[in-house]
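Heads up: the sequence shown runs through residues 9 to 228, numbered per our numbering. Just so it is clear, CB atoms sit at the ideal spot from N, CA and C, and this is done for glycine as well. Heads up: the structure comes next, in structure tokens.
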Amino acid sequence: MGKRMGKEKKKQYLFLGDRPVLAHTLKVFEGIDEVNEIILIAPVGEEGYCLNEIVEKYRIHKVTKVVPGGKDRQDSVYNGLKFVSNDTACVIVHDGVRPFVSSDIIKQSIELCAKVDGVAAGVPARDTIKRVAKDMFVEATMNRAHLWLIQTPQTFRYKIISEAYNKAYIDNFRGTDDASLIERLGYKIKVIMDSYDNIKITTPFDMIFAEMIYKNRENR
């Protein structure tokens with residue numbers, strides 16, 4: 009985590025205004041009545057730091073567990089799922105470095121989750137997207153009208169995401185997001201319109217952009 013930032017401090021711990029990025033993200037989920045608990049997945053060895061410097065310091069009361077992550081995102085989510093109660097209706101997976109997620113999109117995801125197999129937030133692709141061969145020659149120009157950039161939150165019925173993750177590890181399948189693990193089993197994912205502000209902070213430029221979004225919201 010934090011490999012692309014080029015800074016010693018990991019991106020989720022960088023301050024955005026008066027608190028770390030991760031604290032901003034958790035506060036959004038903290039304020040939603042439909043969210044009963046938050047399981048925070050931390051880098052291995054940093055569970056204590058997350059508990060003391062994020063959860064307790066910023067009073068995130070709905071965090072019930074801070075668990076160690078894995079070698080990559082898929083392993084980390086799988087570790088977190090092991091701590092989810094079997095009677096849970098829906099599971100929301102969200103990147104801690106997306107602090108501008110809106111409460112409305114989370115609530116919409118939860119409401120839809122009762123009616124469909126899974127829900128993924130996203131935005132329409134604005135740039136032209138081309139499929140390029142290994143020799144860097146264009147093979148095809150994709151129809152942008154049907155292309156979406158998928159973000160988080162991604163919300164699923166607990167039994168479905170649990171089945172999908174267990175099957176992925178049996179089959180040694182690696183997906184690029186949670187929805188891809190569900191899709192391969194034949195389940196259907198509903199995409200809902202999110203905001204372009206819901207950025208994932210992975211590079212120094214992302215952090216500059218995040219600061220601009222934050223200041224703009226503060227000045228409203």
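To the nearest angstrom, report how far apart residue i and residue j are at their CA atoms.
i, j, result
"I118", "K138", "34 Å"
"R2", "G126", "Past the edges of the chain, shown from 9 to 228, lies residue 2, and the structure says nothing about it."
"V131", "I207", "11 Å"
"T163", "M215", "26 Å"
"C98", "A187", "14 Å"
"S84", "R182", "13 Å"
"N224", "E61", "26 Å"
"S93", "T136", "43 Å"
"A122", "Y166", "11 Å"
"A31", "I68", "8 Å"
Indicate the three-state DSSP secondary structure (helix, strand or coil) for residue i in the structure shown.
i, result
"R27", "strand"
"P51", "coil"
"G126", "strand"
"P212", "helix"
"E147", "strand"
"L155", "coil"
"Q63", "This sequence places Val at residue 63; Gln is not what is there. In this structure, V63 counts as helix in the three-state DSSP scheme."
"V101", "strand"
"K73", "strand"
"K19", "helix"
"T163", "strand"
Since residue i contacts residue j with CB under 8 Å, what's their CB separation in whole angstroms?
i, j, result
"I200", "I168", "17 Å between Cβ atoms; not a contact."
"G104", "T184", "With a Cβ gap of about 18 Å, G104 and T184 do not count as contacting."
"P161", "H102", "4 Å"
"Q159", "D205", "Rounded, the Cβ-Cβ distance is 10 Å, inconsistent with contact."
What does the Cβ neighbour count give for residue i, buried or exposed, with the cut at 16 atoms within 10 Å?
i, result
"A218", "buried"
"K17", "exposed"
"I178", "exposed"
"R228", "exposed"
For a quick check, are the C-beta atoms of residue i and residue j less than 7 Å apart?
i, j, result
"K232", "I46", "The requested residue 232 is not part of the displayed model; the chain covers only 9 to 228."
"A133", "L157", "yes"
"I113", "I40", "no"
"L120", "K198", "yes"
"F91", "V75", "yes"
"F108", "I209", "no"
"E147", "A153", "no"
"G25", "I49", "no"
Is any beta-carbon of chain D found at less than 7 Å from that of residue i?
i, result
"F108", "Chain labels in this structure do not include chain D; a single protein chain is all it has."
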